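So the sequences go chain by chain: A, B and C.
Quick note: the first sequence uses the working numbering, first residue 13, plus one each step.
Quick note: the second sequence uses the working numbering, first residue 17, plus one each step.
Quick note: the third sequence uses the working numbering, first residue 393, plus one each step.
Even glycine gets a Cβ: it sits at the ideal position worked out from N, Cα and C.
Since the structure is predicted, the reported quantities are computational estimates derived from the model, not experimental observations.
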Amino acid sequence: MDFIITQLINSLVFGSLLFMMAAGLSLIFGLMNVVNVAHGSFFMVGAFTAYTIMQWSGNFWIALGVGWVPSVIVAVLIERFFIKPLYNRGHLDQVLLTFGFIYVLADITHYLWGPEIRNISPPETLSGVIEVAGAYIPRYRLFLVAFGGVVAALLWWFLERSRIGAMVRAGVDDAATAAGIGINVPLLFGCIFALGAGLAGLGGVVASPILGVYLGMDIEILIPAFIVVVVGGMGSLRGALVASILVAVVDTFGKAYFPDYALFMIYLLMVVVLLTRPHGLFGIARG
Amino acid sequence: MKFLRPAVFLALIALLGLAPLAGDYTLGIVAEILIYGIFAMSLGLLIGFTGLMSFGHAAFFGISTYTVIALGVHLGISGWWGMAAGICLSALAAAFVGLFCIRVSGIPFLMLTMAFSQLLFSVALKWRNVTGGTDGLTGFVRPTLFGMSLDDAVMRYAVVALGFVLVLGFLWLLVRSPLGSIFIGIRDNEQRMRAIGYPVQRFKFLAFTIAGTLAGVGGALYAFFNAFVSTDILHWALSGDAIIMVVLGGSATVFGPAVGAAIFLLLKNIVSSHNEYWMLWIGATFILSVMFLRQGVWGFLVGCAQSALGKLK
Amino acid sequence: MGLPGGLRAVRIGETQMTLLKTENLCKAFGKLEVTRDVNISVVEGERHVIIGPNGAGKTSLVHQLTGQLQPTSGRVLFKNVDITNAAPDQICQMGIGRTFQKNNLFRSLTVQENVRLAVQAKQGGWYECLRGVGIRTAQRERANHILEQIQLTHDLLRPVSSLSYGEQRQLEIAIAMAAEPQLLLLDEPTSGMSPAETDRMIELLRSLPSSLALLMIEHDMKVVFSLADTITVMYYGEVLASGTPQEIQRNSRVREVYLGGKH
Numbered sequence: 013m014d015f016i017i018t019q020l021i022n023s024l025v026f027g028s029l030l031f032m033m034a035a036g037l038s039l040i041f042g043l044m045n046v047v048n049v050a051h052g053s054f055f056m057v058g059a060f061t062a063y064t065i066m067q068w069s070g071n072f073w074i075a076l077g078v079g080w081v082p083s084v085i086v087a088v089l090i091e092r093f094f095i096k097p098l099y100n101r102g103h104l105d106q107v108l109l110t111f112g113f114i115y116v117l118a119d120i121t122h123y124l125w126g127p128e129i130r131n132i133s134p135p136e137t138l139s140g141v142i143e144v145a146g147a148y149i150p151r152y153r154l155f156l157v158a159f160g161g162v163v164a165a166l167l168w169w170f171l172e173r174s175r176i177g178a179m180v181r182a183g184v185d186d187a188a189t190a191a192g193i194g195i196n197v198p199l200l201f202g203c204i205f206a207l208g209a210g211l212a213g214l215g216g217v218v219a220s221p222i223l224g225v226y227l228g229m230d231i232e233i234l235i236p237a238f239i240v241v242v243v244g245g246m247g248s249l250r251g252a253l254v255a256s257i258l259v260a261v262v263d264t265f266g267k268a269y270f271p272d273y274a275l276f277m278i279y280l281l282m283v284v285v286l287l288t289r290p291h292g293l294f295g296i297a298r299g
Numbered sequence: 017m018k019f020l021r022p023a024v025f026l027a028l029i030a031l032l033g034l035a036p037l038a039g040d041y042t043l044g045i046v047a048e049i050l051i052y053g054i055f056a057m058s059l060g061l062l063i064g065f066t067g068l069m070s071f072g073h074a075a076f077f078g079i080s081t082y083t084v085i086a087l088g089v090h091l092g093i094s095g096w097w098g099m100a101a102g103i104c105l106s107a108l109a110a111a112f113v114g115l116f117c118i119r120v121s122g123i124p125f126l127m128l129t130m131a132f133s134q135l136l137f138s139v140a141l142k143w144r145n146v147t148g149g150t151d152g153l154t155g156f157v158r159p160t161l162f163g164m165s166l167d168d169a170v171m172r173y174a175v176v177a178l179g180f181v182l183v184l185g186f187l188w189l190l191v192r193s194p195l196g197s198i199f200i201g202i203r204d205n206e207q208r209m210r211a212i213g214y215p216v217q218r219f220k221f222l223a224f225t226i227a228g229t230l231a232g233v234g235g236a237l238y239a240f241f242n243a244f245v246s247t248d249i250l251h252w253a254l255s256g257d258a259i260i261m262v263v264l265g266g267s268a269t270v271f272g273p274a275v276g277a278a279i280f281l282l283l284k285n286i287v288s289s290h291n292e293y294w295m296l297w298i299g300a301t302f303i304l305s306v307m308f309l310r311q312g313v314w315g316f317l318v319g320c321a322q323s324a325l326g327k328l329k
Numbered sequence: 393m394g395l396p397g398g399l400r401a402v403r404i405g406e407t408q409m410t411l412l413k414t415e416n417l418c419k420a421f422g423k424l425e426v427t428r429d430v431n432i433s434v435v436e437g438e439r440h441v442i443i444g445p446n447g448a449g450k451t452s453l454v455h456q457l458t459g460q461l462q463p464t465s466g467r468v469l470f471k472n473v474d475i476t477n478a479a480p481d482q483i484c485q486m487g488i489g490r491t492f493q494k495n496n497l498f499r500s501l502t503v504q505e506n507v508r509l510a511v512q513a514k515q516g517g518w519y520e521c522l523r524g525v526g527i528r529t530a531q532r533e534r535a536n537h538i539l540e541q542i543q544l545t546h547d548l549l550r551p552v553s554s555l556s557y558g559e560q561r562q563l564e565i566a567i568a569m570a571a572e573p574q575l576l577l578l579d580e581p582t583s584g585m586s587p588a589e590t591d592r593m594i595e596l597l598r599s600l601p602s603s604l605a606l607l608m609i610e611h612d613m614k615v616v617f618s619l620a621d622t623i624t625v626m627y628y629g630e631v632l633a634s635g636t637p638q639e640i641q642r643n644s645r646v647r648e649v650y651l652g653g654k655h
């Protein structure tokens, strides 16, 4: 039983991270009709930034507070100078362009930080274990699950309740009309892209005590994140939430019960979902 | 204009024929370029001519390589039979994967092709006794041709060059055939193709299978070239590299992707000899290419030649 | 004469076979009903025009007739064969051609190639495509012939992008004609055209073979009354009225909806 509790918590941990990635991806796709495959790179930059901040200050909360900033800066530059001109070119070209950025950002990270694997310890207040129904769960993992939940709730509130959120939803429906009623669509797009990148960067910061900080973590989170987005349905935040948990559970329990087929499970999940519902569980069909 | 194409082709043949004079080391690089050229051109059929962006093409390349080497190492089967088997297996794999993936398009298609490729990668990793896992399979004995072993660099190169010319010729004829015009139509306007009576899914499936088979040709030649295989060959990074080659060279022509392969490998080699940041250079070149030279380097050159000749008329 | 939908045969003394027939066709997106119990018939050689205000569900109807949209209920029959769930390519091969409301051409190809592709589609199984290049000359000639009929004749090797809007609309029709359809569905063939271009289009449509049935969506009343043997008026997804042009003009409900003018 405690084994199951542990795996469940691990699933929620992984699910939280996936949600932070997938939410950004889905927002960017749903609103801007842009596909950004360099999203994992924002995650990695966040983690490396957290490491550097920890080196300077030793304070995890500072890392949490500003660790996502470099990701956002990079994202804004990429969006403004490279993606904006390509809005009309279609998904494939965007995939190609951002794919190039994966290579570039990976090497820049390599250059700035070197190839070694780094580690970050969670802050004092969040270290140690708590007993939950007979299982011993690291406090930090519980924190991460709660953090993910808070982010999801804030995102929901932002989109459903705030004025800006209404503008975002208007833009998703029809960007031309939204512009017609005075919404500054380019600015909105820029902000959404930055928000998505910020979420990814934040995810990297918050993941670093658990995953470590290393080159290659961009791809390792990207593929599951895209599986989540595709399974949940591109453009759907609800889909991102449901699919994050689904993919995380399948992956965690899959690795636990079928360690030989660890890599299999989430790919199999995606194959099954795509073949039965090509637009994902909650997807919107977009041109 | 009509003389340009045969002229370019003859120039290519001349270059290929002269390459052995450059010494074994250079010959090796050229052979590698030609092999990846085949791989890239096969993907070009999908991306450039049918409009299908596949992220799992390495699977069909790698299956063939593994078949040749595994049959040779485990069962002592000659490389030539291994090549035949490898190409067949790649064709079957492509048909199988294609059957599923063709049902979706766009990003889901990208992810699905990658998923199948990664599944194959997982299987290869797990199946250590057959594939050797990450350590790979060694001890492959290259076959002989006309009494000469392919261990000889020139002989090996000759086989690779022949393979390249054959694949190039086949693709060139294919895109000019009625079938080729259908692929092009699908890339241009899939909906209209359906509306005028084409069973589009069937043709996408056909394109996918043909592309996979040709990748298998490249994979078999790679087995002869390298005499070694590891699971790296099935990794999606190779699929990504192939996409870069296609777009860098130019996806609208048959030959473009081969040019892209040359640029990619030369750039990687040159940068690697100075520092380890070749990904930065390739990435940056690729980004600039997507933004400003979308027709690719070869596409750009062809366009220049056409407008220059147009002015001469 | 016992034809469904209240239609009358127009050519007295001839019996025509019913080509297309819908039976209580319905389409709903959730609670939104775009097609409600639509019954329409088209006979051989008939010029049947569908009119109605925007949002009346006309284009949705065409999509359902050509396999692009699955009806929620009801049937579509072509030459007495149920094509309700058929795929667009099968429907084309059976003899229904269509044009699109917004030009849906092969933009990167030449004018001739646009039509040749359609000619090639008609000619057979995919295995024939592996045959040599010589077959294409015959196809090209056929394409040129069709283009001549549609009055697009000069420099057929230029790219589609160099055509004027009106010429592109003509090309739309040429492509659909290449499949040698018995029924041609035209979705607003004169949309976006100047009066001069519209007149030319009317002439062109008049010159189409009389054995070819036309089912057309139109907004331009001049076009409607120049061409129609039968008019069906749609309103909010339903058939409001159907009959000869004279009957429709006298119909009070139609007058109400249209206020006697154009929409």
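Helix, strand or coil, according to DSSP, for His440 (chain C) in the structure here? Three-state result, His440 (chain C): strand.
Chain-order list of residues whose beta-carbon lies under 6 Å from that of Ala169 (chain B) (same chain, five-residue window excluded): In the same chain as Ala169 (chain B), and ignoring 5 residues on each side of it, the C-beta atoms closer than 6 Å to its own belong to Asp40 and Leu43, in chain order.
Nearest to Leu575 (chain C) by alpha carbon, out of C:Val441, C:Val616, C:Gln541 and C:Arg647? By alpha-carbon distance to Leu575 (chain C), the top candidate from C:Val441, C:Val616, C:Gln541 and C:Arg647 is C:Val441.
To the nearest angstrom, how far is the alpha carbon of Ser500 (chain C) from that of Ile202 (chain B)? If you take the alpha carbons of Ser500 (chain C) and Ile202 (chain B), they lie about 11 Å apart.
When the Cα atoms are used, what is the spatial distance from Gly449 (chain C) to Glu580 (chain C)? If you draw a straight line from the Cα of Gly449 (chain C) to the Cα of Glu580 (chain C), it is about 13 Å long.
Could you work out which residue in C:Leu424, C:Gln531 and C:Gln408 is closest to Tyr377 (chain C) when comparing CA atoms only? A question about residue 377 (chain C) goes unanswered here, because the residues of chain C that appear run from 393 up to 655.
Do Tyr63 (chain A) and Arg130 (chain A) have their C-beta atoms within less than 8 Å of each other? Cβ atoms of Tyr63 (chain A) and Arg130 (chain A): closer than 8 Å.
Give me the Cα-Cα distance between Ala100 (chain B) and Gly77 (chain A), rounded to the nearest whole angstrom. Roughly 60 Å between the two C-alpha positions.
How about Pro480 (chain C): is its C-beta nearer than 8 Å to some C-beta of chain B? For Pro480 (chain C), the closest Cβ of chain B is nearer than 8 Å.
Would a check of beta-carbon distances place Thr147 (chain B) closer than 8 Å to chain A? Using beta-carbon distances, Thr147 (chain B) does not count as an interface residue toward chain A, since no partner is under 8 Å.
Identify every residue that forms a DSSP beta bridge with Ala633 (chain C). In the DSSP output, where bridge partners are listed per residue, Ala633 (chain C) has C:Val625.
Quick check on Pro396 (chain C): buried or exposed, where buried means 16 or more other Cβ atoms within 10 Å of its Cβ? Bear in mind that the predicted position of Pro396 (chain C) carries a pLDDT of just 37, short of 50, making it unreliable; the figure below should be weighed with that in mind. Exposed, because fewer than 16 other Cβ atoms sit within 10 Å of the Cβ of Pro396 (chain C).
Residues near Phe132 (chain B) by beta carbon distance below 6 Å, same chain, minus five either side: These residues qualify, in order along the chain: Gly72 and Val113.
Give the single residue among A:Gly292, A:Val25, A:Ile231 and A:Gln67 whose Cα lies nearest to the Cα of Pro150 (chain A). Minimum Cα distance to Pro150 (chain A) is reached at A:Val25.
Note down, in chain order, every chain A residue with its Cβ under 8 Å from the Cβ of Phe126 (chain B). Residue 126 (chain B) is actually Leu in this sequence, not Phe. Identification of chain A residues near Leu126 (chain B) by a Cβ-Cβ cut-off of 8 Å yields Val107, ordered along the chain.
Report the rounded CA-to-CA distance for Val191 (chain B) versus Glu206 (chain B), giving the unit in angstroms. Distance between the alpha carbons of Val191 (chain B) and Glu206 (chain B): 17 Å.
If you drop the 5 nearest sequence neighbours on each side, which residues of the same chain put their C-beta closer than 7 Å to that of Phe31 (chain A)? Counting only residues of its own chain and dropping the five nearest sequence neighbours on each side, Phe31 (chain A) has a CB closer than 7 Å to the CB of Gly160, Ala164, Ala252, Leu253 and Ser256.
How big is the Cα-Cα spacing for Lys654 (chain C) and Met613 (chain C)? Annotation note: pLDDT 49 at Lys654 (chain C) (below 50); position unreliable, coordinate value reported separately. A straight line joining the alpha-carbon of Lys654 (chain C) with that of Met613 (chain C) spans about 7 Å.
Less than 8 Å between the C-beta atoms of Met246 (chain A) and Ile118 (chain B), yes or no? The answer is no: Cβ separation not under 8 Å.
Mind checking if Phe55 (chain B) is an interface residue toward chain A, Cβ cutoff 8 Å exclusive? Chain A contact via Cβ: absent.
Three-state class that DSSP yields for Leu223 (chain A) in the structure shown: DSSP places Leu223 (chain A) in helix when its eight states are reduced to three.
Residues in the same chain with beta-carbon distance under 6 Å from Met69 (chain B), minus the five sequence neighbours each way, listed in chain order, please. The beta carbon of Met69 (chain B) sits closer than 6 Å to the beta carbons of Ile63 and Leu126 from its chain, once the five residues preceding and following it are set aside; these are given in chain order.
Going by DSSP in three states, Thr476 (chain C) sits in which element: helix, strand or coil? Coil, per DSSP.
Inter-stretch contact (C-beta, 8 Å, three-pair minimum) for the stretch 418-434 of chain C and the stretch 451-459 of chain C: Taking 8 Å as the limit for Cβ pairs, the verdict is that the stretch 451-459 of chain C does touch the stretch 418-434 of chain C.
Simplified DSSP state of Pro36 (chain B), which is helix, strand or coil: The answer is helix: DSSP assigns Pro36 (chain B) an H, G or I state.
For Val5 (chain B), which residues in chain C fall below 8 Å Cβ to Cβ? What the structure shows of chain B is the stretch from 17 to 329, and residue 5 (chain B) is not part of that stretch, so it cannot be assessed.
Tell me Lys413 (chain C)'s beta-bridge partners as DSSP assigns them. C:Ser433 and C:Leu469.
May I ask you to list the residues that DSSP assigns as paired with Gly489 (chain C)? Beta-bridge pairing links Gly489 (chain C) to C:Leu576.
Range of the contiguous alpha helix (DSSP H) that encloses Met2 (chain A): Residue 2 (chain A) lies beyond the range of chain A shown here (13 to 299); nothing can be said about it.
Where does the unbroken beta strand (DSSP E) through Val141 (chain A) begin, and where does it stop? Val141 to Val144 is the span of the beta strand (DSSP E), which, as asked, contains Val141 (chain A).
Met33 (chain A) versus Thr81 (chain B) - alpha carbon distance: Cα to Cα, the separation comes out at about 36 Å.
For Met657 (chain C), report the span of its beta strand (DSSP E) as first-last. Nothing about residue 657 (chain C) can be read from this structure; chain C reaches only from 393 to 655.
Can you name the start and end residues of the alpha helix (DSSP H) that Ile239 (chain A) belongs to? Counted as a single uninterrupted DSSP element, the alpha helix (DSSP H) harbouring Ile239 (chain A) occupies residues Met229 to Gly244.
Classify Gly292 (chain A) as buried or exposed, calling it buried when 16 or more other Cβ atoms lie within 10 Å of its own Cβ. Its Cβ being crowded by 16 or more others within 10 Å, Gly292 (chain A) is buried.
Taking the alpha-carbon of Leu32 (chain B) as reference, which of B:Ala47, B:Phe280 and B:Leu281 has the nearest alpha-carbon? Measuring from the Cα of Leu32 (chain B), the nearest candidate turns out to be B:Ala47.
Name, please, each residue of chain A whose Cβ falls closer than 8 Å to the Cβ of Phe302 (chain B). Neighbours of Phe302 (chain B) on chain A, chain order: Leu108, Phe111, Gly112 and Tyr115.
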